[in-house]
Structures are given as C-alpha cells and as structure tokens.
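*Asks:* This is the structure, below, for whatever I ask next.
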Amino acid sequence: MIKSLNTAQQAMQMEQVRIEALANNLANVDSTGFRQILTRVVAKNAPEITGQDPQTVPTAQALTRGGTAPGGRTTPPSGGTAQPTVTLHATDTRPGQIGPTGRDTDVAIMGRGYFVVQTEAGERYTRAGSFQLDNERRLVTPDGDPVLGQGGAVTLDGQEFSIEPDGTVTVDGAVRGRLRLVDFGDATRLEHEGSNRLAAPPGVEPQEVPAEEIVLAQGHLEGSNVDPIDVLVDMIAAQRAFEMQTKVLTTEDSLLDKSVNSLGRAAHV
Amino acid sequence: MIRAMGTAASGMKAQQLNIDTIANNLANVNTTGYKKQHAEFQDLLYEKVLPGGQVDAQGRAVPTRVEIGHGVKMVSTNKNFSQGTVVSTSNPLDVMIEGDGFFQLRMPDGTIKYTRDGSFKLDAERNVVTSQGYRLEPAIVVPSDAVELSVSRDGLINVRLAGNDSDLQEVGQIELARFPNSAGLETRGGNIFAESPASGAPLLATPGVDGVGETASGFLEMSNVETVDELVNMISAQRAYELNSKTITMADEMLRIVNGLKR
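Each protein sequence line maps, in turn, to chains A and B.
According to this note's numbering, the residues represented by the first sequence are 1 to 269, in order.
According to this note's numbering, the residues represented by the second sequence are 1001 to 1263, in order.
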C-alpha cells in the first residue's frame, strides 16, 4: 500500500518536472535560435536508459519473481509490477522559422550546423545568429563572446563587410576567412547552458561542417523552434496525468484509513 | 510547480518589455532621424538535476539527462541604423545624411553628442542649431546679409550675400562622425546619441570620405520604422504573453489539486 503511494508520488514528481520543462519552452517562444527541450517519461529500465537490447529487458513479471535476468543483472523480488519512472530530456534539433531582419550582422543557418562561440568556459555552440560588433569591430554575441571563424575571432574592420552563403567573410572586397560551423552525430544530447548557448557533454564530439555544405543567410535570423500548440497539448496531458495520480493517492489514503481505523475497531467488538 | 510559475512570469515580463519596445517604435514612426529598436531574448540558466554523460557501474555512458530551465530574459534592445524614409522639404538647412555617420552637436555642458536629425535652424546669433538649440559642431555662423544658402554633397555650406549676385561665400564645413559600432551608442532621447564604451571612439570625416555618407540638402531623414513589421511583432508578443499566462493558470490548477488532497 505504501508502495503505491510512492509510485504515485514519483509519477507526480515526473509530471511536475515535465511541466517545468514545458513552461520553459513556452517562455522562450520568442528567443532567437532557441532549441526546445523534449521530455519523455519512461520506465526506469527502459532500453533507452540501460542501453540494452529491447528484447532482453526484463518484463514486469520477471521483476516480481526476482532472480537473475539476461546480462547478469540481479533484481530482488518486488512487491508489485510497478516500475519507477524517470523523465528523459532531449534537445529538439528541428530548425526554427527564418525571417529577414535587415541587420547586416544577423546571420541564419539554412540547414545543419551550429555557430561556434568562444566563452571563458570553452567553446559553445548556438543557432542564434543575432550578432553584434564590439568596440574593436569583432563579431560577437549579445553577451560579448566572439564568434569563431577558421582563424579565431572575426574582425570586420572596414567600411563594408559581407558574409557569403558559403560562410566566407569579406571585408571591403577582400576575403578574410570563413565562419566555423560544426555539427554533431547526436545533437539531441546537447545541453542548454542558458543565454542561447548549447554545450557538448562528454562523449559528444563536434565535427566541422565542410565548406560545400555551409549555407548561411546574412540579414536573417532563426527564431525559436517551440510550437505552442504542441506545448499546450503536452501541458494539458501532463496536468491530467498529475490529476490521475492524485486520484491514486486519495484511493490509497481511503484504503489505509479503512484498514487502520475500521478493521482495528471491529476486532475490539 | 512554483518554478513553472516563475518561469511563465519571466516569459510574461519579457513579452511586456517586447511590447514596450514595439510601442516606442510605433510612437516614433514620424520622428525625424529615429532608429527603430528590436528586443532580443535569451533563455536563462539551467539547473542540471541529472547531468548528461554520466557513467554507470558497468562503465557505459548513460545517455540521459535532466536539465530544467528558468525562463527567458531580454538581453539587448538593438538599434537598427538602416536608412530611414526620405522626405523632401525644400528647406536648404534641412540636411540628410545618405549613408553612415552622425552630425556632431556641442551641448551646453561642453560635451559632444551625435544625431541623425538634420532639421537645422538659425538662432538669434545666426548659429546653425538644432530644434532644441544645440549648436552644430564645428560651429557655423551665417552672415546676416545672406539671402541664399546651399549645402553641397560634401558638407560645404555656401551663402550668397545681398548685392553680390555672382559669388558664393563659403561659411563653413560640416564634419560627420562615424563609429566602429553604431549599435552600441547610448540613446539620450531628443534624437541624440552619446558615445559609449560599446560604440568605440568616433572617427571624424568630411561627408563622402572614409565611409561616411554624403549630405543632401533640402531633405530630411525620417524614422526607419516599418509599421507592418511592428504590428506583426506586436500580435505575436501578445499571443506569447497569453500562452505564458496559460502556464500560470495550469500550474495554479495543479497546486489547487495538491492542496485539496488532504482535507
């Protein structure tokens, strides 16, 4: 009985974490280049987490018996078929909408790739091309971090500059280099750092995008890839799932109430 | 749940600032030399409840992570220095800069400020001044017997004196200032900008030289606000505001359910 209380409690916490991720996505519906966080609630022994072949994952029934499952995992006998759940977060890699802005320091990536930005904590990646010039005329993010080209920070000290669709930077007609674009084997594992920056966790290596695959659009910006309809529907589903768990709690509560108060009284008679 | 409400509140505040910026643009749609602003948003810090890349007991990298964001912040209101719309006034003292650059103004406290507003007048001492009375720098005085005034494309101001029909007398030269990063200029209101560490030091040049635009007399540069863009942005800001209020309603509803669990 207490176990189902714990199960309901855990499920409620998972839905709460889910709502928080959805609320953050919705708050960032206007953030440039924002990549929303997708959430999925899965069972704790799901193949996505343990990395096992789905065929060998022990079924709920095997868990209740306990013993040794394929792969050498021993599990103690559990009182019920309950499998604790966890929330998985992944970064949504779909592009946002690209629109013209008329500012010549804005750049949008049409297709795959991420800009590389130099921060104090190392290289970070972003799709937010809302760049500016600092007082040394380097191309920087709104936080002041330089955008990296093939040879380091990009300085646009001239009267006119342009960023060609293949990433080449020209200042007053002379080629100055090329902007660096990187891509990842599994970009869903990129972590959000805030300030529109994404960080690569250990195990996720950036690969340089070859020059012939770079397509940039100067004077354009990519918006957020949050779809408000999806987010609201997910929120409604999470809220109702939350409500269902509270029903489990109240049912368990009344059962406990019966067994503690009523059964005991009957014995006295 | 409390965090979701804070996150949604940050979203609503950000959209409110967005609307404020758009409203200011629309209010200044007919202001001479006004440069439109655009609000830029970024997500806030994330709490790593479960960082990615963790290694489990068998040495395998667990591909899961849980990171929770805290909402959105406005990071900058960029000024867009594209050329504004052109209005022909036939007033020779109305000067428009075609291209980059700013007029320099000598303020009453002695400092130099900058403007794109070229609607100049003459004050009581015949100095060339702005509508608020700030003198153009370098100062230019128009003689009292001048009957005609013209400003050339490279900023040279010539007058024709009474009784002298053939010769033009040079009265002064307009010098424009150009900045490494115009978007970093500080806005002071009154169509006036001030130099700041973000903008860099000004480079002075005569019109048409060193990347500075040419002066066009008899024209005024109006604002560069595009009303269609601003209205579309306003609609989307309003809807984003509404969406975030839905989050608060939902979080509130869930809290109410939790409160009602135990009577």
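We put the beta carbon where it would ideally sit given N, CA and C, even for glycine.
Starting from GLY1011/B, trace the alpha helix (DSSP H) both ways and give me its first and last residue.
*Replies:* Per DSSP, GLY1011/B belongs to the alpha helix (DSSP H) from 1002-1027.
*Asks:* May I have the straight-line CA-CA distance separating GLY223/A from THR32/A, to the nearest angstrom?
*Replies:* Computed Cα separation, rounded: 5 Å.
*Asks:* Could you tell me whether the Cβ atoms of ASP104/A and GLN36/A are closer together than 9 Å?
*Replies:* Contact flag unset, no.
*Asks:* Look at the alpha carbon of GLN132/A and the alpha carbon of ASP1043/B, and state the distance between them as a whole number of angstroms.
*Replies:* If you take the alpha carbons of GLN132/A and ASP1043/B, they lie about 18 Å apart.
*Asks:* For PHE131/A, which of helix, strand or coil comes out of DSSP?
*Replies:* Reduced to three states, the DSSP call for PHE131/A is coil.
*Asks:* Run through the stretch 1177-1262 of chain B for me and flag every whole alpha helix (DSSP H) of 4 or more residues, listed as ranges in chain order.
*Replies:* DSSP runs (the alpha helix (DSSP H)) wholly in the stretch 1177-1262 of chain B: 1227-1259.
*Asks:* In the stretch 234-255 of chain A, which residues sit with their C-beta less than 7 Å from some C-beta in chain B, listed in chain order?
*Replies:* Listed in sequence order: MET235, GLN239, PHE242, GLU243, THR246, LEU249 and THR250.
*Asks:* Tell me, to the nearest whole angstrom, how far the beta carbon of SER1199/B is from that of ASN1181/B; I am working on the premise that it is less than 8 Å.
*Replies:* Right, the Cβ-Cβ distance comes to about 5 Å (below 8 Å), so this counts as a contact.
*Asks:* Can you pull the chain A neighbours of ILE1257/B, defined as C-beta to C-beta under 8 Å?
*Replies:* The answer, in chain order, is PHE242, GLU243 and THR246.
*Asks:* Chain A partners of TYR1114/B, CB-CB under 8 Å?
*Replies:* Going along chain A, no residue has its Cβ under 8 Å from TYR1114/B, so there is no contact; the nearest lies around 15 Å.
*Asks:* Suppose contacts are defined by Cβ-Cβ distances below 9 Å. Is ASP1100/B in contact with VAL1258/B by that definition?
*Replies:* No. Outside cutoff.
*Asks:* GLY1071/B: buried (16+ other C-beta within 10 angstroms of its C-beta) or exposed?
*Replies:* So GLY1071/B counts as buried.
*Asks:* Please report whether the beta-carbon of ILE276/A lies at a distance below 9 Å from any beta-carbon of chain B.
*Replies:* Residue 276/A lies beyond the range of chain A shown here (1 to 269); nothing can be said about it.
*Asks:* Got a sec: which bits of the stretch 19-36 of chain A sit with their beta carbon under 7 Å from any beta carbon on chain B, in order along the chain?
*Replies:* From the stretch 19-36 of chain A, only ILE19, GLU20, ALA21, ALA23, ASN24, LEU26, ALA27, ASN28, VAL29, ASP30, SER31, THR32 and PHE34 have a Cβ closer than 7 Å to chain B.
*Asks:* Which class does ASP1167/B belong to by DSSP, given the choice of helix, strand or coil?
*Replies:* In this structure, ASP1167/B counts as coil in the three-state DSSP scheme.
*Asks:* Less than 9 Å between the C-beta atoms of THR1187/B and PHE1193/B, yes or no?
*Replies:* Cβ atoms of THR1187/B and PHE1193/B: closer than 9 Å.
*Asks:* Shortest alpha-carbon distance to SER1131/B belongs to which of GLU1230/B, GLN1037/B, THR1089/B and SER1119/B?
*Replies:* Closest by alpha carbon: SER1119/B.
*Asks:* May I have the straight-line CA-CA distance separating ASN1164/B from LEU1176/B, to the nearest angstrom?
*Replies:* Using only the alpha carbons, I get a separation of about 31 Å.
*Asks:* Following the continuous beta strand (DSSP E) through PHE161/A, name the residue where it begins and the one where it ends.
*Replies:* Start and end: 161-163.
*Asks:* Please determine, among ASP157/A, TYR125/A, PRO142/A and GLY102/A, the residue with the shortest C-alpha to C-alpha distance to VAL221/A.
*Replies:* Checking the displayed sequence, the identity of residue 221/A turns out to be Leu instead of Val. The shortest C-alpha separation from LEU221/A is found at GLY102/A.
*Asks:* What residue range does the alpha helix (DSSP H) around LEU240/A cover?
*Replies:* With the sequence shown as reference, residue 240/A is identified as Arg, and Leu is not the correct amino acid for it. 228-257 is the span of the alpha helix (DSSP H), which, as asked, contains ARG240/A.
*Asks:* When the cut-off is 9 Å and only beta carbons count, does HIS89/A lie next to chain B?
*Replies:* Yes - at least one Cβ of chain B is within 9 Å of the one on HIS89/A.
*Asks:* Measuring only the C-alpha atoms, how far is THR1215/B from VAL1129/B?
*Replies:* Looking at the two C-alpha atoms, the distance is approximately 16 Å.
*Asks:* Output yes if chain D places a C-beta closer than 9 Å to the C-beta of VAL1066/B; else output no.
*Replies:* Note that chain D does not occur in the displayed structure, where the protein chains are A and B.
*Asks:* If contact is defined by three or more beta carbon pairs under 8 Å, each pair taking one atom from either stretch, is the stretch 1084-1099 of chain B in contact with the stretch 1111-1126 of chain B?
*Replies:* Counting Cβ pairs under 8 Å, three or more are found: they touch.
*Asks:* Using a Cβ cut-off of 8 Å, which residues of the stretch 127-154 of chain A contact any Cβ in chain B, in chain order?
*Replies:* Here the close residues are ALA128, SER130, GLN132, LEU133, ASP134, ASN135, GLU136, ARG137, PRO142 and ASP143.
*Asks:* Just how far apart, CA to CA, sit THR1085/B and ASP1154/B?
*Replies:* Each residue's alpha carbon lies about 21 Å from the other.
*Asks:* Considering only their Cβ atoms, is the gap separating ASP234/A from ARG94/A smaller than 9 Å?
*Replies:* No, the pair does not count as a contact, with Cβ atoms beyond the cut-off.
*Asks:* Along chain B, in chain order, which residues have C-beta atoms closer than 8 Å to that of GLU193/A?
*Replies:* In chain order: LEU1045 and TYR1046.
*Asks:* I want to see whether chain B comes within less than 9 Å of ASP272/A, judged by CB atoms only; does it?
*Replies:* Absent from the structure is residue 272/A, since the part of chain A shown begins at 1 and ends at 269.
*Asks:* For GLN61/A, which three-state DSSP category applies?
*Replies:* For GLN61/A, the predicted structure reports a pLDDT of 39, less than 50, and the residue's modelled location is therefore unreliable. A value from the coordinates is still provided. Note: GLN61/A maps to helix in three-state DSSP.
*Asks:* Since VAL1086/B meets chain A, which of its residues come closer than 9 Å, beta carbon to beta carbon?
*Replies:* The premise fails here: VAL1086/B is roughly 17 Å from chain A at the closest Cβ pair, so nothing lies under 9 Å.
*Asks:* Can you tell me where the beta strand (DSSP E) holding VAL1087/B begins and where it ends?
*Replies:* Here the beta strand (DSSP E) through VAL1087/B covers 1086-1088.
*Asks:* Could you tell me whether any Cβ in chain B is nearer than 9 Å to the Cβ of GLY102/A?
*Replies:* It does; some Cβ of chain B falls within 9 Å.
*Asks:* With three or more C-beta pairs closer than 8 Å as the rule, is the stretch 1005-1015 of chain B touching the stretch 1235-1249 of chain B?
*Replies:* The stretch 1235-1249 of chain B, when compared against the stretch 1005-1015 of chain B, does touch it at the 8 Å Cβ threshold.
*Asks:* Counting only C-beta atoms, is ASN225/A closer than 9 Å to chain B at any point?
*Replies:* For ASN225/A, the answer is no, since every Cβ of chain B falls outside 9 Å of its Cβ.
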